[in-house]
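Peer 1: This is the structure I want to talk about, given as structure tokens.
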Amino acid sequence: MDIATIIGIVGGLALIITAIIMESPLSAFFNVPGLAVVVGGTVMATLIMQRLPVVLGAMKVAMNAFFDKAEQHGKIIEQIIELSQQSRQGGMLALENVQIENHYLARGVRMAVDGIETHEIVNTLRIESDSLVKRHETGHKIFKFMGATAPAMGMIGTLIGLVQMLQSLSDPAAIGPAMAVALLTTFYGAVLAFLIFNPIAEKLEDRTKHEEALLEIVIHGVEGISKGLNQSVLEDKLVAFLSPGKRKKD
Amino acid sequence: MDIATIIGIVGGLALIITAIIMESPLSAFFNVPGLAVVVGGTVMATLIMQRLPVVLGAMKVAMNAFFDKAEQHGKIIEQIIELSQQSRQGGMLALENVQIENHYLARGVRMAVDGIETHEIVNTLRIESDSLVKRHETGHKIFKFMGATAPAMGMIGTLIGLVQMLQSLSDPAAIGPAMAVALLTTFYGAVLAFLIFNPIAEKLEDRTKHEEALLEIVIHGVEGISKGLNQSVLEDKLVAFLSPGKRKKD
Amino acid sequence: MDIATIIGIVGGLALIITAIIMESPLSAFFNVPGLAVVVGGTVMATLIMQRLPVVLGAMKVAMNAFFDKAEQHGKIIEQIIELSQQSRQGGMLALENVQIENHYLARGVRMAVDGIETHEIVNTLRIESDSLVKRHETGHKIFKFMGATAPAMGMIGTLIGLVQMLQSLSDPAAIGPAMAVALLTTFYGAVLAFLIFNPIAEKLEDRTKHEEALLEIVIHGVEGISKGLNQSVLEDKLVAFLSPGKRKKD
Amino acid sequence: MDIATIIGIVGGLALIITAIIMESPLSAFFNVPGLAVVVGGTVMATLIMQRLPVVLGAMKVAMNAFFDKAEQHGKIIEQIIELSQQSRQGGMLALENVQIENHYLARGVRMAVDGIETHEIVNTLRIESDSLVKRHETGHKIFKFMGATAPAMGMIGTLIGLVQMLQSLSDPAAIGPAMAVALLTTFYGAVLAFLIFNPIAEKLEDRTKHEEALLEIVIHGVEGISKGLNQSVLEDKLVAFLSPGKRKKD
Amino acid sequence: MDIATIIGIVGGLALIITAIIMESPLSAFFNVPGLAVVVGGTVMATLIMQRLPVVLGAMKVAMNAFFDKAEQHGKIIEQIIELSQQSRQGGMLALENVQIENHYLARGVRMAVDGIETHEIVNTLRIESDSLVKRHETGHKIFKFMGATAPAMGMIGTLIGLVQMLQSLSDPAAIGPAMAVALLTTFYGAVLAFLIFNPIAEKLEDRTKHEEALLEIVIHGVEGISKGLNQSVLEDKLVAFLSPGKRKKD
């Protein structure tokens, strides 16, 4: 798992909690109805926006993004080069029983072994790529939506508190604490949005780009294998996907 | 119908109402002129923005989005595979009397049976897809516009209340309640926008993507049938539209 | 003319005025210098942004959008089908003296009659479409700019009022009314932007899409006529532009 | 020069100054440290964002946009038609010594005279067009950046003033004037952004579109000349770039 | 190094510090817990958003953007023209031992020398270009994210301070200073975002465009060399990438 994510969430909350307890008890920032309005309101708005299984699916994808190790682009390039070598030496059938971990690469190689035309293989893999991007986008949009909705729910909570406070100004001593409680929902909304939802939304978007680039490598690789492209040309092409620092030789 | 939507709207309002009645009577948050400014102002701005029949049509589309069951991508793929089998066994005419529920698939198959060239069929279905997306976009934009306008109308209402309050500061005891009433329109605008209009706008956008993907499947499927594409190649291609978890065998 | 537009503008202003006069005289919301800053400032900024004739042209286009009746997509499709029938029966020259109302359709048919190659006709009509979209976009952007500038000018006016009020706090009784006046420009800016400029900008954008779709129909239609496309194929294609509810037979 | 621009800037400032001096001396709105923070801060941020020569270049481009007369699309079309006539009568070499004012048209014609293939000429002019758009975009982005930065610098100035005022609340009489001064930077930032930077950014963007359209005309024109396209077809095509009101005959 | 960047950062901070010390000691604007919340919170959110090595890589890229001298487009064009001359005189093998500084140009020329087909070379260089743009975009997005997060963290800090102040209003004399401290985090967030993160994000985006344009020149150049394009045509094409002022002869 990506250790930085844990450091980020835990560290961010620790910083805020430390800033609070330096001046006041933490309990002063804890308000159950306020939390219910912000968290509950955000969840409810999300349920309107998207069907429940999709929301749960997005949560699972987000979890995967944190716990699954991202496949390295370098490794898959090595494997493609190797497959290309085997197929040029032993013909396409030499690839029939090769064990390939990456689902998309396995799929493309199987199609090539089956003798399907190169452009149909490429079309199929491109559909895979487009539909993977769309599936991931759904999850990314859910978190972005939550990041936009949480501060709004915070503002709604604060407005409720302000209206109630203003309607009963009889006791001046109560104004301050009442307003403090009212502001708490804005605080909750901001923390949720800017420390949790927005960074996760960005992470998912970045992860999608990573997977899309991986599939792009697979598409170019399978196309090269299927067409029997000269190996050094294929290698030149695939290596171009890597940042200069990650290239072994060039 | 999508049960989560009802839970979302009812639950969201229940949360806000509960938060209110814990501290004050609900009636304190009910202000008819304020509601009229926010709801009425949003409706009026929407009437300027779009012709009445289009607005009503968008409402109907939104209703459909909530009540109609979305067609499953998996099912239509199965049907296309079946149609492909029939046409390869009995020729294109074998499809003449097949009952097809999906409007676009039926249309494409009829054109194939009529012997129209594949690329003209694909062109026609692509026009269908583009014009469906544009029609849906209109509805989506109306709700997005209302989601942006409602908070603005809330602010306009609050400004009216503030100006009136500030012009007659003679009675200090009246300031609080007057300001409370003024803030109510901002509250109405925020609830309408963030709990109703924005989530619905997002839902419509998502629904459009769902239908667009369905049409993309239909286009690839009809193209395959019309060209007499090898069945396993067609299946490989169409299955690529599904998320890995929804694929039967692969 | 589109009656909803008048209802929208008149109704929206009526709602706001009613909300005002329920609590205070309307004159309390009327401030000439404030109006001058907001309206004048917005006009001046628009003059910097765009040359005068273009601004006036955009106003005229906006007027047209309100008063001209939008051409129906269904009608033009019927006419294209009819022209296609005539040309297939009597040759292209049969179209020489047909009266065609739509400027772009007339142009395309004339080019087809003149024997110009199909792809050059399509290119020319596509240039027409692109340049119509760009011309309309100019108008649309002017109103969008005004919708963004008016609230800013309102804020500038309010800042002027606040600074003046704060500099002479000697008479506490004058603070309230002075601040009320200061807030009026923010009020003007919000009403102008959200009830007038933004809805009109959206309407113009929608109108542009309507005309673009019309031209797309014309392009496909003229292409079909010029190529002598089979009539039922042409009809299938053009009908795909209509929403299912507006199709006569299918 | 475009007289409306001067009217806009001078008139906008005059309006604001008039609104000020109706109630207070203009000097009350003049604060040197505040101006330094807003103007200086915006300039400094711009220097970080872009290299100095590029910023200065953008200023020059902006000046040009105000003082240079925009070339008329109609005129260049006439000239292209004329060149086309000459080349069809006297061969391409007849264009060798024709004086052509527009740089891009001259370049394309010279290439055609040199016998370079049409598609290479079109490629070259398209590179010219793309790189002109990119150069202009740089300037446009600088002004947009300044329009976003100026209000932020205004807010920073106000925050400085507010913090200083709040730290020494001992003299209540000083609060008002101190806060007035603090608000001045927000005022400066808003005026700079909404009356100067944003309208200029929009003007530059519009100007870029104008030049891009001009180059599009040149590209189609040179392509027609080089291919020896039928003159009436070329004229039909080029005239499509003009708005209907500006076409002489059609 | 680009001297303007140092002037910008140092000058911007100097301006703000000067504005502060004119009225109060600088220490009044120094608050360690506040700084920790804003800087620490922004760093933590960034760690959630992106893996640590990528963040560090982005910092390195940003440093390079400031310290590396951007390669001049003019120079590389000259070198390409020269290579083209050599290859037309001595055949492609004449380029075998030429020393080429630019990594991408060297790569393309080596592929041309190796006799790889032009379209494969172009494909490979285009992959290089796309993947360079994506790598740079990652860095650019990190700074943009920090520019959006810093003000939010500032607001969170201010909310903490406000809630604490409001909960203990017993001592009126403490309100002002407490609120001043609360506002400091908003101040920190605004300075970090608008004087540091946002300008750097824009600079990185601009730098990416610069490199992308350079690679576009290299692609067109290598294509020309590999195809043995006429030299004056190649020169015409490449010179089109330069702004008119930077062209030697034309």
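Residue numbers (our numbering), protein chains in the order written: chain A, 1 to 250; chain B, 251 to 500; chain C, 501 to 750; chain D, 751 to 1000; chain E, 1001 to 1250. Think of the CB as a built atom: it goes at the ideal place given N, C-alpha and C, for glycine as much as any other residue.
Note down the Cα distance separating Q664(C) from L1166(E), rounded to an integer number of angstroms.
Peer 2: Using only the alpha carbons, I get a separation of about 29 Å.
Peer 1: Taking a contact to mean a Cβ-Cβ separation below 9 Å, would you say I576(C) touches N597(C) in this structure?
Peer 2: In this structure, N597(C) does not lie closer than 9 Å to I576(C) by Cβ.
Peer 1: Below 8 Å on the Cβ atoms is my contact criterion, and I expect S84(A) with I225(A) to pass it. Report the Cβ-Cβ distance as a whole number of Å.
Peer 2: Indeed they touch by this definition, with Cβ atoms about 5 Å apart.
Peer 1: In chain order, what are the residue ranges of uninterrupted alpha helix (DSSP H) at least 4 long that sit wholly in the stretch 428-498 of chain B?
Peer 2: Those alpha helix (DSSP H) runs which fall completely within the stretch 428-498 of chain B and span 4+ residues are 448-477, 481-489.
Peer 1: Between L1184(E) and the rest of its own chain, which residues show a CB-CB distance below 7 Å, the 5 nearest in sequence each way excluded?
Peer 2: F1029, N1031, G1034.
Peer 1: List the residues of chain A whose Cβ lies closer than 7 Å to the Cβ of I1116(E), in chain order.
Peer 2: Within 7 Å Cβ-Cβ: V233.
Peer 1: Taking a Cβ distance cut-off of 9 Å, strictly less, list which residues of the stretch 434-456 of chain B are near chain A, in chain order.
Peer 2: If the cut-off is 9 Å between Cβ atoms, the stretch 434-456 of chain B has L434, T436, F437, A440, V441, A443, F444, L445, I446, N448, P449, I450, A451, E452, K453, E455, D456 near chain A.
Peer 1: Judging by CA-CA distance, which residue of G139(A), L93(A), E212(A), G40(A) is the nearest neighbour of G157(A)?
Peer 2: Looking at the Cα atoms, G40(A) is the closest of the given residues.
Peer 1: Using Cβ-Cβ distances below 8 Å, what residues of the stretch 895-908 of chain D are close to chain C?
Peer 2: Answer in chain order: no residues at all.
Peer 1: Hey, how far is the Cα of T118(A) from the Cα of H140(A)?
Peer 2: So the two alpha carbons sit approximately 33 Å from each other.
Peer 1: Three or more beta-carbon pairs under 8 Å between the stretch 1041-1053 of chain E and the stretch 5-16 of chain A, yes or no?
Peer 2: In short, these stretches touch, since the Cβ pair count reaches three.
Peer 1: Quick one: does I509(C) have its CB under 9 Å from some CB of chain B?
Peer 2: It does; some Cβ of chain B falls within 9 Å.
Peer 1: With a threshold of 7 Å on Cβ separation, who are the neighbours of L1235(E) within its own chain once the five nearest residues in sequence on each side are excluded?
Peer 2: According to the sequence displayed, residue 1235(E) carries Glu and not Leu. Closer than 7 Å at Cβ, skipping near neighbours: I1081.
Peer 1: Could you pull out every residue in the same chain whose Cβ sits closer than 6 Å to the Cβ of A820(D), ignoring the five residues on either side in sequence?
Peer 2: If we look at A820(D) and ignore the five residues flanking it on each side, its Cβ neighbours are H960.
Peer 1: Any C-beta of chain E sitting closer than 9 Å to the C-beta of S742(D)?
Peer 2: Chain D is shown from 751 up to 1000; residue 742(D) falls before or after that span and cannot be answered.
Peer 1: So with Cβ pairs under 9 Å, would you call N123(A) a contact of chain B?
Peer 2: Yes, N123(A) counts as interfacial toward chain B.
Peer 1: Taking just the CA atoms, how far does L729(C) sit from L738(C)?
Peer 2: Cα to Cα, L738(C) sits roughly 12 Å from L729(C).
Peer 1: Does the stretch 700-714 of chain C come close enough to the stretch 556-566 of chain C to have 3 or more Cβ pairs within less than 8 Å?
Peer 2: These segments touch.
Peer 1: Where do the ends of the alpha helix (DSSP H) carrying N252(A) lie?
Peer 2: Limits of chain A in this structure are 1 at one end and 250 at the other, which puts residue 252(A) out of reach.
Peer 1: Residues of chain B with CB under 9 Å from A562(C), in chain order?
Peer 2: Near A562(C) there are no residues of chain B at all, since even the closest Cβ is about 11 Å away, more than 9 Å.
Peer 1: Whole angstroms are fine: how far does the CA of V372(B) sit from the CA of V222(A)?
Peer 2: Rounded to whole angstroms, V222(A) to V372(B) spans 27 Å at the Cα level.
Peer 1: For V537(C) and T546(C), which I take to be in contact (beta-carbon distance under 8 Å), what is that distance rounded to the nearest angstrom?
Peer 2: The Cβ separation is near 15 Å, so there is no contact.
Peer 1: Looking at V883(D): is its Cβ nearer than 9 Å to the Cβ of E828(D)?
Peer 2: Not closer than 9 Å, so no.
Peer 1: Do L375(B) and I469(B) count as a contact pair if the criterion is CB distance below 9 Å?
Peer 2: Yes. Within cutoff.
Peer 1: Grouping DSSP H, G and I as helix and E and B as strand, with all else coil, what is I1080(E)?
Peer 2: If DSSP states are grouped into helix, strand and coil, I1080(E) belongs with the helices.
Peer 1: Considering V1010(E), what are the terminal residues of the alpha helix (DSSP H) in which it resides?
Peer 2: First-last of the alpha helix (DSSP H) with V1010(E): 1003-1021.
Peer 1: Mind checking the stretch 793-804 of chain D against chain E and listing, in chain order, the residues whose C-beta falls within less than 7 Å of any C-beta there?
Peer 2: The stretch 793-804 of chain D vs chain E, Cβ under 7 Å: M794, A795, L797, I798, M799, Q800, R801, L802.
Peer 1: Any beta-carbon of chain B closer than 9 Å to the one on A536(C)?
Peer 2: Not one chain B Cβ lies under 9 Å of A536(C).
Peer 1: Closer than 7 Å by beta-carbon distance: list the chain F residues that pair up with P283(B), in chain order.
Peer 2: No chain F appears in the structure shown, which is made up of the protein chains A, B, C, D and E.
Peer 1: Output needed in chain order: residues of the stretch 1098-1113 of chain E with a Cβ under 8 Å from some Cβ in chain A.
Peer 2: The stretch 1098-1113 of chain E vs chain A, Cβ under 8 Å: H1103, R1107, M1111.
Peer 1: Residues in its own chain within less than 7 Å of I392(B) by CB, not counting five upstream and five downstream?
Peer 2: Here the set comprises T296, Q300, V305, A308.
Peer 1: Compute the Euclidean distance between the alpha carbons of A430(B) and M653(C), then round it to the nearest angstrom.
Peer 2: A430(B) and M653(C): Cα-Cα distance of roughly 27 Å.
Peer 1: Name, please, each residue of chain C whose Cβ falls closer than 7 Å to the Cβ of G762(D).
Peer 2: Those within 7 Å of G762(D) in chain C are G541, M544, A545.
Peer 1: Whole angstroms are fine: how far does the CA of I1175(E) sit from the CA of L669(C)?
Peer 2: Roughly 21 Å between the two C-alpha positions.
Peer 1: Distance check for R838(D) and E1068(D), CA to CA, integer angstroms please.
Peer 2: An answer regarding residue 1068(D) cannot be provided, because it is not within the stretch 751 to 1000 covered by chain D.
Peer 1: Return yes when the Cβ of A940(D) is within less than 9 Å of the Cβ of M896(D), no when it is not.
Peer 2: Cβ atoms of M896(D) and A940(D): not closer than 9 Å.
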